[in-house]
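Quick note, the sequences are listed as chains H and S, same order. full-length UniProt numbering puts the first residue of the first sequence at 1, with every later residue one more than the last. full-length UniProt numbering puts the first residue of the second sequence at 1, with every later residue one more than the last. No residue lacks a Cβ here, since even glycine has one placed at the ideal position from N, Cα and C.
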Amino acid sequence: MSATWRAHFSFNKYSQICARALRQSLKEGERVQAEKRGLTALRYQQWSNGQGGEQVYLNPPVDEAPKKSAAV
Amino acid sequence: MLARRTLARVGSQPSALGAAPTNARNMATLREIEMRLKSVKNIEKITKSMKMIASTKLAKAQRAMQQGKQYGLANSEVFQHTLAESESKRKLFIAISSDKGLCGGIHSSVSKMTRRTFIEQKETLEQDSPIMVIGDKVKAQLSRALPQNIALTFNQIGRDIPTFADAAGVADLILKSDVKYDSIVIVYNKFVSAISYEPAMVEVLTENALKESPGFKAYEMEDDVTKDLAEFSLANAIYAALVEGHACEQSARRNAMDNASKNAGDMINSLQLKYNRGRQAAITNELVDIITGASAL
């Protein structure tokens with residue numbers, strides 16, 4: 001039961017990786033729909049002493065970055 | 001006599017001077033009313049279309065909520081018999097809302113609830129309990145009220161229907177952060193009906209609390225798996241709260257925009273009435289001038 005991944009990341013990460021693998025193995029039509037469910041644009045910010053730190057992307061957008069600047 | 005006349009003239013002069021501007025202002029008000037009418041009409045168009053968008057999104061959000069709520073219900077059912085042994089003193093608050101405004105009081109209801117808990121549970125709660133916030137609006141409100149307590153903030157969730165990936169990311173970041181707490185409390189908006197919502201709190205057990213709880217010991221779980229369960233249940237609870245909060249936000253925005261367009265409609269009516277009245281009065285005045293001029297000839 002105890003696997004090697006436990007030393008490196010959490011169960012949620014593990015489940016997300018499994019989910020991504022499953023989504024990518026789906027058929028074309030279903031895959032596009034399902035992949036939307038795996039997207040996250042989450043950004044977070046560490047606070048200390050009432051001061052906010054920098055906004056950090058959880059998953060930095062790679063392809064979307066140039067597209068975004070054009071839209072704005 | 002002469003003095004009185006000059007006095008009268010002095011007295012009448014300002015009014016005569018003032019008469020021209022009032023007349024001019026009268027003309028200006030007509031134009032002003034017209035301009036205001038136009039701008040209010042534009043605002044009404046905007047609020048109406050926002051309402052339409054919100055109502056279509058609400059249907060989608062409600063469907064997502066019904067499915068997402070199941071996670072939360074199943075989650076809480078697992079822990080029904082595993083109550084924590086002792087009341088924890090240091091709680092981690094997770095306030096869940098979103099980034100965008102123009103949706104009534106859903107953000108302030110969450111932040112108010114958080115602040116109220118801090119005040120009401122003065123004795124039992126450590127005053128420097130950490131707070132984590134999802135959503136920019138609540139972050140702004142709480143950073144004014146309780147800036148020292150905020151440990152982590154998240155945003156860019158809730159533009160569309162929240163995904164489980166969002167919840168898992170948040171849960172992982174919370175667990176990874178080295179913030180000390182005994183138990184987790186999620187503050188979110190509970191969906192009551194399409195037109196009402198209320199702030200609510202849900203408690204999530206941490207790994208240590210699970211291990212110590214006598215009800216949970218009966219299951220004889222391994223430590224590794226218990227840790228997984230605690231992590232996954234936190235993600236589940238966050239996901240359920242996120243989708244419910246999202247549905248609340250859409251319904252609140254729909255109602256707010258409905259009210260705004262109603263008010264704009266009332267304003268348009270009264271302005272239209274005022275405008276027509278003013279126009280009629282101006283026409284009558286001009287007619288009177290012409291007729292008196294003609295009859296004087």
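Item: Buried versus exposed call for residue 21 of chain S [16 or more other C-beta atoms within 10 Å across all chains shown]; Value: For residue 21 of chain S, the pLDDT reaches just 47, beneath the cut-off of 50, and the residue's location in the model is therefore unreliable, leaving the point undetermined.
Item: For residue 132 of chain S: DSSP bridge partner residues; Value: S/94 and S/152
Item: Proximity winner among S/116, S/190 and S/141, relative to residue 251 of chain S (alpha-carbon distances); Value: S/190
Item: Own chain partners of residue 36 of chain S with C-beta closer than 7 Å, once the 5 adjacent residues on each side are dropped; Value: 271
Item: Validate contact between the segment 95–103 of chain S and the segment 157–165 of chain S using beta carbons, cut 8 Å, 3 pairs; Value: yes
Item: Reduced DSSP secondary structure (H/G/I, E/B, other) of residue 35 of chain S; Value: helix
Item: Short Cβ contact (7 Å threshold) for residue 243 of chain S with residue 135 of chain S; Value: no
Item: Under 7 Å by beta carbon: chain S residues contacting residue 41 of chain H; Value: 156
Item: Within 7 Å, strictly: CB atoms of residue 78 of chain S and residue 110 of chain S; Value: no
Item: Beta-carbon contacts of residue 64 of chain S that lie in its chain and below 6 Å, excluding the five residues immediately before and after; Value: 161 and 243
Item: Backbone CA spacing between residue 254 of chain S and residue 38 of chain H [nearest angstrom]; Value: 27 Å
Item: Three-way DSSP call (helix, strand, coil) for residue 122 of chain S in this model; Value: coil
Item: Beta-ladder partner(s) of residue 47 of chain H, from DSSP; Value: H/52
Item: Same chain only: Cβ atoms within 8 Å of residue 48 of chain S, ignoring 5 sequence neighbours per side; Value: 257 and 261
Item: Range covered by the alpha helix (DSSP H) that runs through residue 184 of chain S; Value: No alpha helix (DSSP H) holds residue 184 of chain S; the beta strand (DSSP E) holding it covers 183–193.
Item: Chain-ordered residues of the segment 166–190 of chain S with a beta carbon less than 9 Å from chain H; Value: 166, 167, 168, 169, 170, 171, 172, 173, 175, 176 and 177
Item: Selection from S/54, S/94, S/143 and S/147 that minimises the alpha carbon distance to residue 234 of chain S; Value: S/94
Item: Alpha-carbon spacing of residue 104 of chain S relative to residue 66 of chain S, whole angstroms; Value: 23 Å
Item: Nearest neighbour of residue 196 of chain S, chosen from S/231, S/237, S/106 and S/280 [CA to CA]; Value: S/106
Item: Assigned exposure category for residue 246 of chain S - 16 Cβ within 10 Å defines buried; Value: buried
Item: Beta-carbon proximity check, residue 228 of chain S vs residue 11 of chain H, cutoff 7 Å; Value: yes
Item: When S/288, S/87, S/130 and S/294 are compared against residue 47 of chain H, the one with the closest alpha-carbon; Value: S/130
Item: Proximal chain H residues relative to residue 147 of chain S, where beta-carbon distance stays under 7 Å; Value: 50
Item: Separation of residue 210 of chain S from residue 76 of chain S, as counted between CA atoms; Value: 13 Å
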